[in-house]
Amino acid sequence: MTDGSAETAPKETLSYEQARDKLAAVVKRLEAGGLTLEQSLELWERGERLAAVCEEWLDGARARLAAAMARRDEADSAEASPAPAAASAEDDAPF
2 MTDGSAETAP KETLSYEQAR DKLAAVVKRL EAGGLTLEQS LELWERGERL
52 AAVCEEWLDG ARARLAAAMA RRDEADSAEA SPAPAAASAE DDAPF
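The working numbering puts the sequence shown at residues 2 to 96.
Laid out in structure tokens, this is it:
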């Protein structure tokens, strides 16, 4: 078995793009064929780990996008709501 540490490094050291490119290379190699069963299994497992890294990045991106959209919506609704008017002395006076 090969050491797949470079391909499966934590998300902090392997960018989404790096993981995606490595995953694409794994798929290409599997599709080319000519590998032993053991080699194919190792590549498959490496691909699964790389896909998990990509999924973590995508989940994080979705969460950041949702948070940004929520902040924008809150700001938009705050601008659309008129501020309560300050009470004047006339409001307290009888007819």
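We put the CB at the ideal spot given by N, CA and C, even for glycine. On a predicted model such as this, the values are computed, not experimentally measured, just so you know.
If you check the CB distance, cysteine 55 and arginine 21 come in under 9 Å.
Between tyrosine 17 and alanine 69, the CB-CB gap reaches or exceeds 9 Å.
For glycine 48, the secondary structure class from DSSP, reduced to helix, strand or coil, is helix. Serine 16 carries a coil assignment under DSSP once its states are collapsed to helix, strand and coil. A contact is defined here as three or more CB-CB pairs under 8 Å, and the stretch 46-53 meets this definition with respect to the stretch 23-37. Counting the other CB atoms within 10 Å of its CB gives leucine 42 a total below 16, which places it among the exposed residues.
In the assembly as shown, leucine 44 is a buried residue. Its beta-carbon has 16 or more other beta-carbons within 10 Å.
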